[in-house]
Each structure stands twice: as C-alpha cells, then as structure tokens.
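To keep things clear, I will list the structure first and then write my remarks on it.
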Amino acid sequence: MEVTTTALKRCDLIKIKGRIDSETASAFSDAIKKVLDQGRYHIVLDFSDVDFISSAGLRVLIATQKTCRRFNRGETVLSNLKPKILSSLDLAGFTSLFKIYNDNVAAIGSF
Amino acid sequence: MIFPGRYSSLEKIAEFVTKEARESHFSENDVCCIETAVDEACSNIIEHAYKGENIGDIECTVKLIPNGITIALKDNGRPFNIKNFKPPNLKTPLRNRKTHGLGLYFIKQMMDKVDLSNDGSTNILLLTKYRETNPDAKNTQEQCIR
Numbered sequence: 001m002e003v004t005t006t007a008l009k010r011c012d013l014i015k016i017k018g019r020i021d022s023e024t025a026s027a028f029s030d031a032i033k034k035v036l037d038q039g040r041y042h043i044v045l046d047f048s049d050v051d052f053i054s055s056a057g058l059r060v061l062i063a064t065q066k067t068c069r070r071f072n073r074g075e076t077v078l079s080n081l082k083p084k085i086l087s088s089l090d091l092a093g094f095t096s097l098f099k100i101y102n103d104n105v106a107a108i109g110s111f
Numbered sequence: 001m002i003f004p005g006r007y008s009s010l011e012k013i014a015e016f017v018t019k020e021a022r023e024s025h026f027s028e029n030d031v032c033c034i035e036t037a038v039d040e041a042c043s044n045i046i047e048h049a050y051k052g053e054n055i056g057d058i059e060c061t062v063k064l065i066p067n068g069i070t071i072a073l074k075d076n077g078r079p080f081n082i083k084n085f086k087p088p089n090l091k092t093p094l095r096n097r098k099t100h101g102l103g104l105y106f107i108k109q110m111m112d113k114v115d116l117s118n119d120g121s122t123n124i125l126l127l128t129k130y131r132e133t134n135p136d137a138k139n140t141q142e143q144c145i146r
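Protein chains in written order, with the working numbering: chain A, 1 to 111; chain B, 1 to 146.
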C-alpha cells in the first residue's frame, strides 16, 4: 500500500493505493496522523486506487472522522470509491458518517 | 495450502481463494464477498486465536461444490466462541460508534453459512458461499483443492 499526501489551501488530499487490511492499516493510520498532528482537520481520502478495505481499514476511518469532527473543527470526506469499497462501507453503516464524492474536485471543493 | 499466521499472508490468501472462485465462474460480487470474509477470518485467527503474528500457521482449503464454494480455515490457536456474537448497531452516532466488532459481522453478512468447530487442538472454520439461494442442494460431487 502507498499513501501520498498533498497539502492544499483548504484541506489535505490523501491518496491511497492498494489494499487496506490488517497489515497495512497501521501505515494508513500513520499517514493520516501526520496530517492531524499538524492541526489540519479537513481531509479528503482519495480511494480511486484502493482495491480492498477490511474492517481494520474501516476502524481507521472511524477514528479519523471522530478526531476531525471533535469540537466541530473539521471533517473527513471520501472520494472515488469503487463499487466494492462503497458496498463495504454501506454494509458497515459508514455511508451515513461520511460525505462521499465521485471525484476529487467535488470533494476538495466541499471545504 | 498452508500460510504463515502473519498479516503479510492476507494478500496471498486472498489471491488463492479469489483465483479459485473466479475460475469457478462466481460473480465478481461473490468473489468480493469471499475475499472479504476470508480476510476478516484470517485476521481474527492471528489476532484472537494466536494472539499475535508468527505464532502458528493457517491452513486454507477451497472445496468446490456444484452450487457453491466452501473455504476451510484451520488453526491451532485458542478456541473461540461465535455463538454469543451480537451484531454492531449500525445506527449509533459517530461519537458512540465502536471501532471493533465489524470483522465477524462482515463474515456472517458476506457468506451464506459459517460453521466453527474445534477437534481438541484445531479450530476449523467453514465459510460457504452458494451461487443460488438453494443451500439444501444435495449434489455431492466435490473437488478439494489444497
């Protein structure tokens, strides 16, 4: 799994490539933590190259959203979800917890 | 096939079972379900049965049946009980949403049949996915792949 972070004016764009499973979830979490530790709480997670996400990855999503939304200081939004990824999020009841966009332009523009 | 009980095995296990499922002409949706369930089950074996990585192995067997597929996962870790499992409340507000418990929920949602047993030293988890909604089909011609 690869994670690329781009700091933009109003948010941070984090692009993930590969599988998010029990092996890679900690690296995924660490990449997000680097952004949060800078006091930046507006995050776009680009899933365009994510082939698989397990509950380990979903735990990272939940923890991230909780941190971002604390004190209403920010939010995490998701973009470019493949159908199987969206299906997993929906099954876990996550689609009500995240704004989901079809492309990065819309996701970034939401901030 | 036997895989080392560590998280780096998860992708190889996924490749093994999804290859068999695709070659048996399961729909892509079914392949995704099988991949997810097997990943969650193997993660649980490492975390809960073995209590850590590189403690033991995971034996994965794929059995093709005319109307479906059964994946058997065997480990020599601690036995565990799934009978008292309570599904997570998916409508809990974010601030109260728990971060654990989704793995077993996914397994039960993704597969048509989940059986866990222990023969004294080995946990045996059987995950079955049917092609059609006819789990009582009695055609017993089977292929076993290791």
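Backbone N, C-alpha and C define an ideal beta-carbon position, used for all residues, glycine too.
Could you spell out the range, first to last residue, of the beta strand (DSSP E) harbouring residue i?
i, result
"residue 90 of chain A", "Run containing residue 90 of chain A: none in the beta strand (DSSP E); it sits in the alpha helix (DSSP H), 83–91."
"residue 107 of chain A", "Residue 107 of chain A -> not in any beta strand (DSSP E); alpha helix (DSSP H) instead, spanning 104–109."
"residue 129 of chain B", "123–130"
"residue 3 of chain B", "2–4"
"residue 75 of chain A", "75–79"
"residue 118 of chain B", "113–118"
"residue 64 of chain B", "57–65"
"residue 99 of chain A", "99–101"
Return the bridge partner residues of residue i from the DSSP annotation.
i, result
"residue 18 of chain A", "A:50"
"residue 75 of chain B", "B:123"
"residue 68 of chain B", "B:65 and B:130"
"residue 4 of chain A", "A:15"
"residue 43 of chain A", "A:12 and A:76"
Expressed to the nearest angstrom, what Euclidean distance is found between the alpha-carbon atoms of residue i and residue j?
i, j, result
"residue 77 of chain B", "residue 6 of chain B", "13 Å"
"residue 39 of chain B", "residue 53 of chain B", "15 Å"
"residue 69 of chain A", "residue 75 of chain A", "5 Å"
"residue 142 of chain B", "residue 64 of chain B", "In this prediction, residue 142 of chain B scores a pLDDT of 49, lower than 50, which makes its location untrustworthy; the coordinate-derived value is nonetheless stated afterwards. Distance between the alpha carbons of residue 142 of chain B and residue 64 of chain B is about 6 Å."
"residue 109 of chain A", "residue 10 of chain A", "9 Å"
"residue 56 of chain B", "residue 22 of chain A", "17 Å"
"residue 66 of chain B", "residue 17 of chain B", "17 Å"
"residue 84 of chain A", "residue 121 of chain B", "36 Å"
"residue 29 of chain B", "residue 13 of chain B", "18 Å"
"residue 95 of chain A", "residue 102 of chain B", "15 Å"
"residue 130 of chain B", "residue 37 of chain A", "47 Å"
"residue 16 of chain A", "residue 48 of chain A", "8 Å"
"residue 77 of chain A", "residue 88 of chain B", "23 Å"
"residue 79 of chain A", "residue 118 of chain B", "43 Å"
"residue 5 of chain A", "residue 115 of chain B", "42 Å"
"residue 79 of chain B", "residue 49 of chain B", "6 Å"
"residue 8 of chain A", "residue 105 of chain A", "12 Å"
Taking only beta-carbon positions, decide if residue i is within less than 8 Å of chain B.
i, result
"residue 27 of chain A", "no"
"residue 38 of chain A", "no"
"residue 69 of chain A", "yes"
"residue 75 of chain A", "no"
"residue 48 of chain A", "no"
"residue 33 of chain A", "no"
"residue 22 of chain A", "yes"
State yes or no: is the beta carbon of residue i nearer than 8 Å to at least one beta carbon in chain A?
i, result
"residue 91 of chain B", "yes"
"residue 97 of chain B", "yes"
"residue 106 of chain B", "yes"
"residue 102 of chain B", "yes"
"residue 125 of chain B", "no"
"residue 73 of chain B", "no"
"residue 94 of chain B", "yes"
"residue 130 of chain B", "no"
"residue 8 of chain B", "yes"
Output, in chain order, the set of chain E residues within a Cβ distance shorter than 7 Å of residue i.
i, result
"residue 19 of chain A", "Here chain E cannot be found, since the structure's protein chains are A and B."
May I ask which residues mark the beginning and end of the alpha helix (DSSP H) holding residue i?
i, result
"residue 39 of chain B", "28–44"
"residue 15 of chain B", "10–23"
"residue 66 of chain A", "55–69"
"residue 30 of chain A", "25–36"
"residue 82 of chain B", "Where residue 82 of chain B is concerned, there is no enclosing alpha helix (DSSP H), given that its DSSP letter is neither H nor E."
"residue 103 of chain B", "102–110"
For this session: Please name the residues in the segment 38–53 of chain B whose beta-carbon is closer than 9 Å to at least one beta-carbon of chain A, in chain order.
Result: Result list: 39, 40, 42, 43, 46 and 47.
Problem set entry | Positions along the segment 14–36 of chain B whose CB lies within less than 7 Å of some CB in chain A | 32, 35 and 36
For this session: Could you name the residues of the segment 51–65 of chain A whose beta carbon sits closer than 7 Å to any beta carbon of chain B, in the order they occur along the chain?
Result: Hits within the stretch, in order: 52, 54, 55, 56, 58, 59, 62, 63 and 65.
Exercise. Of the residues that make up the segment 84–96 of chain A, which ones have a beta carbon closer than 9 Å to any beta carbon in chain B?
Worked result: 84, 87, 88, 91, 92, 93, 94 and 96
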